[in-house]
Amino acid sequence: DTGVSQDPRHKITKRGQNVTFRCDPISEHNRLYWYRQTLGQGPEFLTYFQNEAQLEKSRLLSDRFSAERPKGSFSTLEIQRTEQGDSAMYLCASSPQQGMAWEQFFGPGTRLTVL
Amino acid sequence: AQRVTQPEKLLSVFKGAPVELKCNYSYSGSPELFWYVQYSRQRLQLLLRHISRESIKGFTADLNKGETSFHLKKPFAQEEDSAMYYCALTPQGGSEKLVFGKGTKLTVNP
Numbered sequence: 001d002t003g004v005s006q007d008p009r010h011k012i013t014k015r016g017q018n019v020t021f022r023c024d025p026i027s028e029h030n031r032l033y034w035y036r037q038t039l040g041q042g043p044e045f046l047t048y049f050q051n052e053a054q055l056e057k058s059r060l061l062s063d064r065f066s067a068e069r070p071k072g073s074f075s076t077l078e079i080q081r082t083e084q085g086d087s088a089m090y091l092c093a094s095s096p097q098q099g100m101a102w103e104q105f106f107g108p109g110t111r112l113t114v115l
Numbered sequence: 116a117q118r119v120t121q122p123e124k125l126l127s128v129f130k131g132a133p134v135e136l137k138c139n140y141s142y143s144g145s146p147e148l149f150w151y152v153q154y155s156r157q158r159l160q161l162l163l164r165h166i167s168r169e170s171i172k173g174f175t176a177d178l179n180k181g182e183t184s185f186h187l188k189k190p191f192a193q194e195e196d197s198a199m200y201y202c203a204l205t206p207q208g209g210s211e212k213l214v215f216g217k218g219t220k221l222t223v224n225p
């Protein structure tokens, strides 16, 4: 499968714990995006990278959230001191910088449940 | 502020009937508009974008800048069209964040 992959697919954690999610974009896609989706809502933008540079962060991304893309390939999203309100589907997407740059290819998501 | 509004949370039609999913947007510039679709147990995927002016799976969408709308239409709905549909915009130039509406769940009944 050459699509965007995310790991884990499901995560259950207790309030106050830290969690980390991984996203592997489509090979050679320069841009990588993180979104969060809660029940009954559309995906909400969190942050995006061009190669290893984090170019934009949403105000939704509190200080407890941090994202990295150290080598311009895979990315990680860490949530520290999780809260029940963090329960959501976390989606990753990637797109090429040239050509079909306006199409974002989405991964299957990581569903986080904070107890 | 950028905003996408999909007024219908649920839409149910019979097979063969026309379907229209509404989308209105607010944005001060000239955004790029998209429709994304999520079929059951599948990932979110692009259906169509306004700039390409194409018909995908029989769906079309026309950008009306005067009414700031980008409604999705299909003349004859099929059962396999049942899915969650999201309208989205990105600032002109693309390759930046997508701003999504809340989505419309379309059910096509036999």
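Chains as they are written, first to last, in the working numbering: chain A, 1 to 115; chain B, 116 to 225. We put the beta carbon where it would ideally sit given N, CA and C, even for glycine.
Which residues of the segment 185 to 214 of chain B have a Cβ closer than 8 angstroms to any Cβ of chain A? Give them in chain order.
Y201, A203, T205, G209, S210, E211, K212, L213 and V214
Any beta carbon of chain A sitting closer than 9 angstroms to that of B/I171?
As a position in the second sequence, residue 171 of chain B is number 56, starting the count at 1. For B/I171, the answer is no, since every Cβ of chain A falls outside 9 angstroms of its Cβ.
What are the boundary residues of the beta strand (DSSP E) that A/L60 is part of?
Here the question's residue 60 of chain A lines up with position 60 in the first sequence. Segment: none, A/L60 is in no beta strand (DSSP E) and carries neither H nor E.
Using a C-beta cutoff of 9 angstroms, does B/R158 count as contacting chain A?
Here the question's residue 158 of chain B lines up with position 43 in the second sequence. Yes, B/R158 lies at the interface with chain A (some Cβ there is under 9 angstroms from its Cβ).
Looking at chain B, is there any beta carbon in it that lies within less than 9 angstroms of the beta carbon of A/S58?
Taking the first residue of the first sequence as position 1, residue 58 of chain A is located at position 58. It does: the Cβ of A/S58 has a partner Cβ on chain B nearer than 9 angstroms.
Near B/F191, which residues of its chain fall below 6 angstroms by C-beta distance, leaving aside the five closest residues on each side in sequence?
Residue mapping note: residue 191 of chain B aligns to position 76 of the second sequence, counting from 1. G131.
Please classify A/A53 as buried or exposed, where buried requires at least 16 other C-beta atoms within 10 Å of its C-beta.
Residue numbering aside, residue 53 of chain A sits at position 53 when the first sequence is read from its first letter. Exposed: under 16 other Cβ atoms inside 10 Å.
Where does A/H10 sit, in a helix, a strand or coil, going by DSSP?
Within the first sequence, the letter at position 10 stands for residue 10 of chain A. It is a strand residue.
Residue closest to A/D24, alpha-carbon to alpha-carbon, out of A/Q17, A/H10, A/F65 and A/K71:
Indexing the first sequence from 1 puts residue 24 of chain A at position 24. Ranking A/Q17, A/H10, A/F65 and A/K71 by Cα distance to A/D24 puts A/K71 first.
Does DSSP put B/I166 in a helix, a strand or coil?
On the second sequence, residue 166 of chain B is found 51 positions in, with the first residue counted as 1. Correct three-state label for B/I166: helix.
Which residue from B/P133, B/L125, B/K212 and B/T205 puts its Cα closest to that of B/Y173?
Within the second sequence, numbered from 1, the residue matching residue 173 of chain B stands at position 58. Note on identity: in this sequence residue 173 of chain B is Gly, with Tyr being the wrong assignment. For B/G173, the nearest C-alpha among the options comes from B/P133.
Considering Cα atoms alone, identify which of A/G85, A/Q84, A/K57 and A/E68 is closest to A/L77.
Locating residue 77 of chain A in the first sequence gives position 77, where the first residue counts as 1. Closest by alpha carbon: A/E68.
Would you mind working out which of B/V223, B/F129, B/K124 and B/K188 sits nearest B/S170, comparing C-alpha positions?
Working through the second sequence from its first residue, we reach residue 170 of chain B at position 55. B/S170 has its Cα closest to that of B/K188, out of B/V223, B/F129, B/K124 and B/K188.
Beta-carbon neighbours of A/G40, restricted to chain B and to distances below 9 angstroms:
Residue 40 of chain A sits at position 40 when you count from the first residue of the first sequence. Ordered by position in chain B, the residues that pass the 9 angstroms Cβ test against A/G40 are K124, K217 and G218.
Identify each residue in the segment 83 to 95 of chain A for which the Cβ-Cβ distance to at least one residue of chain B is less than 9 angstroms, and report them in chain order.
L91, A93 and S95
Continuous beta strand (DSSP E) stretch holding A/C23: start and end
The residue given as residue 23 of chain A occupies position 23 in the first sequence. That run of the beta strand (DSSP E) goes V19 to D24.
Reduced DSSP secondary structure (H/G/I, E/B, other) of B/Q160:
Here residue 160 of chain B refers to the residue found at position 45 when the second sequence is read from its first residue. Note: B/Q160 maps to strand in three-state DSSP.
Among the residues of its own chain, which have a CB less than 6 angstroms from the CB of B/T219, if the five just before and after it don't count?
Position 104 of the second sequence, counting from 1, holds the residue named residue 219 of chain B. Closer than 6 angstroms at Cβ, skipping near neighbours: Q121, E123, L126, L136 and Y200.
Partner residues on chain A for B/L161, Cβ-Cβ distance less than 7 angstroms:
Position 46 of the second sequence, counted from the start, is the residue given in the question as residue 161 of chain B. Going along chain A in sequence order, the residues near B/L161 (Cβ under 7 angstroms) are E103.
In three-state terms, what does DSSP make of B/E135?
Your numbering for residue 135 of chain B matches position 20 in the second sequence. B/E135: strand per DSSP, three-state reduction.
At what residue ranges does the segment 179 to 204 of chain B contain a whole run of the beta strand (DSSP E), taking only runs of 3 or more?
184 to 189
Say whether the segment 8 to 25 of chain A touches the segment 177 to 185 of chain B, bearing in mind that this needs 3 or more beta-carbon pairs closer than 8 angstroms, one atom from each stretch.
no
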